[in-house]
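One structure is given here, and the rest of the page talks about it.
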Ligand code: ADP
Ligand code: MG
């Protein structure tokens with residue numbers, strides 16, 4: 024594709040929060056009909072730059088142009104008026120309302136969308152144009168993540184966006200959903216819209232974007248490179264600097280730590296476990312598993328095959344309908360989560376922000392949530408000073424970039440939020456770690472750091488049940504691999520099994 028004059032430019036943008044410099048002379052330009060990937064590790068400043076473009080933050084310095092004319096954006100409605108729309112990582116939809124009602128709610132400045140029928144028709148027309156299926160009449164809260172995302176994109180397009188910013192749209196999707204979303208993104212560009220695709224998946228950059236701009240630590244390290252001229256390796260090294268090769272995830276288990284050690288006792292023993300979905304349908308059927316001290320058991324499978332319910336049942340927040348669960352030799356089946364915790368169970372849930380971390384509290388509070396419950400910082404009055412001192416030490420020890428004890432949890436990037444959770448959960452009392460999709464949505468470096476923490480934990484004698492849809496992650500970490508399909512364990516393989524063998528079991532083609 025030959026690119027015309029830039030439609031939109033951002034030049035020499037600076038931004039600091041307090042004394043923390045987040046953007047330093049960042050530039051970016053976008054052409055009509057282009058998919059332009061904005062790439063960078065967690066915390067590089069991508070979301071901040073886009074929030075400046077849509078008027079959520081104002082830049083400390085720098086300038087913007089649209090079609091060659093100066094663009095002044097003081098508030099979000101200014102960007103909307105210029106046809107710039109953003110789909111955030113956390114969707115901005117009201118769960119109780121349908122997609123139609125959500126569009127109505129957002130359509131204050133759009134006289135042609137004032138009636139329910141007009142809004143509904145606009146949504147459906149947009150969906151048809153980009154090739155989405157969409158139910159405009161079902162409350163958003165009842166939609167799947169992928170459906171919510173499609174509803175949000177259609178809403179933003181129906182409001183007139185011709186420049187669409189998508190913040191890590193595929194991070195929350197399964198592989199199949201992601202492929203169809205990326206296809207739709209290409210179609211939107213072909214129909215003359217311009218897309219800024221924030222991602223840290225290099226395959227999406229190379230396969231689905233025309234150009235890429237790469238940010239590292241608040242600076243532009245590569246601006247508008249033609250992706251047809253770039254390899255994945257080249258992009259990775261630009262993104263991470265010279266240390267790229269040392270942090271790339273290894274695809275073989277680390278034999279120096281866990282896998283050569285003799286295995287210890289069973290720290291988790293599940294026998295003939297059954298559990299149901301919320302609607303009463305069977306979710307987990309006759310699952311039996313053992314995880315020994317010093318090993319990682321990988322549970323592979325396509326999402327939605329009972330993993331979520333199994334994790335909740337082991338955590339004690341969903342009751343089993345039959346079977347037994349032993350944690351470190353003790354019968355845990357009837358125990359609530361806090362008593363399972365006393366037996367040494369620690370959990371990294373798939374949806375960390377919703378269920379394990381409190382985004383409105385400080386980082387110090389999040390790091391000490393479980394210790395506070397145990398009375399570590401005083402039974403009646405909290406010893407806040409001690410809490411903060413320990414939080415500071417933890418932040419340094421775990422290299423949680425950009426974090427301060429007083430900082431709000433919700434402002435941390437995904438990788439750093441996961442580091443906070445791991446720092447809290449992997450403590451001296453941990454015997455069994457239940458990790459569900461621990462690197463979902465994280466970039467390569469953050470994923471490598473999480474993997475390293477899991478390996479260290481089992482090297483020190485813990486057991487880990489790793490539940491993941493990511494076959495590469497399963498292969499990189501597991502000493503043994505089980506596959507779950509339709510709620511049943513369909514097979515067990517050694518840790519060095521090939522992707523093809525695992526894939527055959529996952530898909531049920533034995
Ligand atoms: P990315 O989207 O590339 O992961 P972000 O733009 O979200 O990165 O964050 C860049 C840095 O700015 C991070 O260190 C983050 O903690 C910090 N940051 C983002 N928003 C705020 C805010 N409102 N206040 C303070 N710091 C922030
Ligand atoms: Mg971001």
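Residue numbers (this note's numbering): 24 to 533.
Yeah, the Cβ is synthetic: ideal placement off N, Cα and C, and Gly gets one too.
None of the values given here were measured: they were computed from a predicted structure.
In this structure, how does DSSP classify residue i when only helix, strand and coil are distinguished?
| i | result |
| --- | --- |
| residue 7 | Beyond the ends of the chain as shown, which are 24 and 533, falls residue 7; an answer cannot be given. |
| residue 296 | strand |
| residue 282 | Low local confidence applies: a pLDDT of 38 at residue 282 is under 50, so the model's placement there is unreliable, with the coordinate-based value given in what follows. If DSSP states are grouped into helix, strand and coil, residue 282 belongs with the helices. |
| residue 135 | helix |
| residue 155 | coil |
| residue 275 | Note that residue 275 has pLDDT 37, beneath the 50 cutoff, so the model's placement of it is unreliable and the number below is only indicative. If DSSP states are grouped into helix, strand and coil, residue 275 belongs with coil. |
| residue 453 | coil |
| residue 98 | coil |
| residue 526 | helix |
| residue 30 | coil |
| residue 230 | helix |
| residue 171 | helix |
| residue 511 | strand |
| residue 243 | strand |
| residue 43 | strand |
Contact criterion: CB-CB distance below 7 Å. Does residue i meet it with respect to chain C?
| i | result |
| --- | --- |
| residue 318 | The structure shown contains no chain C; it holds only a single protein chain. |
Would residue i be called buried (16 or more neighbouring beta carbons within 10 Å of its own) or exposed?
| i | result |
| --- | --- |
| residue 342 | exposed |
| residue 54 | buried |
| residue 523 | exposed |
| residue 283 | A caution first: residue 283 carries a pLDDT of 40, below 50, which makes its placement in the model unreliable, though a value can still be read off. So residue 283 ends up on the exposed side. |
| residue 230 | exposed |
| residue 545 | Given that the chain is displayed from residue 24 to residue 533, the structure contains no residue 545 and the question cannot be resolved. |
| residue 328 | buried |
| residue 398 | exposed |
| residue 381 | exposed |
Quick one: is the Cβ of residue i within less than 6 Å of any heavy atom of the ligand ADP?
| i | result |
| --- | --- |
| residue 546 | Because the chain is modelled from 24 through 533, residue 546 falls outside the range shown and cannot be assessed. |
| residue 189 | no |
| residue 63 | yes |
| residue 425 | yes |
| residue 45 | yes |
| residue 434 | yes |
| residue 40 | yes |
Would a C-beta distance cut-off of 7 Å place residue i and residue j closer than the cut-off?
| i | j | result |
| --- | --- | --- |
| residue 225 | residue 186 | no |
| residue 99 | residue 78 | yes |
| residue 294 | residue 344 | no |
| residue 350 | residue 333 | no |
| residue 502 | residue 526 | no |
| residue 62 | residue 228 | yes |
| residue 306 | residue 510 | yes |
| residue 261 | residue 237 | yes |
| residue 122 | residue 159 | yes |
| residue 239 | residue 249 | no |
| residue 363 | residue 355 | yes |
| residue 89 | residue 105 | yes |
| residue 34 | residue 50 | yes |
| residue 102 | residue 95 | no |
| residue 207 | residue 154 | yes |
Comparing the CB of residue i with every heavy atom of the ligand MG, is any distance shorter than 6 Å?
| i | result |
| --- | --- |
| residue 470 | no |
| residue 70 | yes |
Exercise. When the Cβ atoms of the region 137-157 are set against those of the region 187-201, are three or more pairs found closer than 8 Å?
Worked result: no
Exercise. Do the region 374-394 and the region 318-328 make contact, defined as three or more Cβ pairs closer than 8 Å?
Worked result: no
Exercise. Given 8 Å as the limit, is there contact between the region 378-397 and the region 436-452, that is, 3 or more CB pairs closer than that?
Worked result: yes
Problem set entry | Stretch-stretch touch, CB-based, cutoff 8 Å, three pairs: the region 123-141 with the region 207-217 | no
Exercise. Are the region 477-491 and the region 457-464 touching by the rule of at least three beta carbon pairs closer than 8 Å?
Worked result: yes
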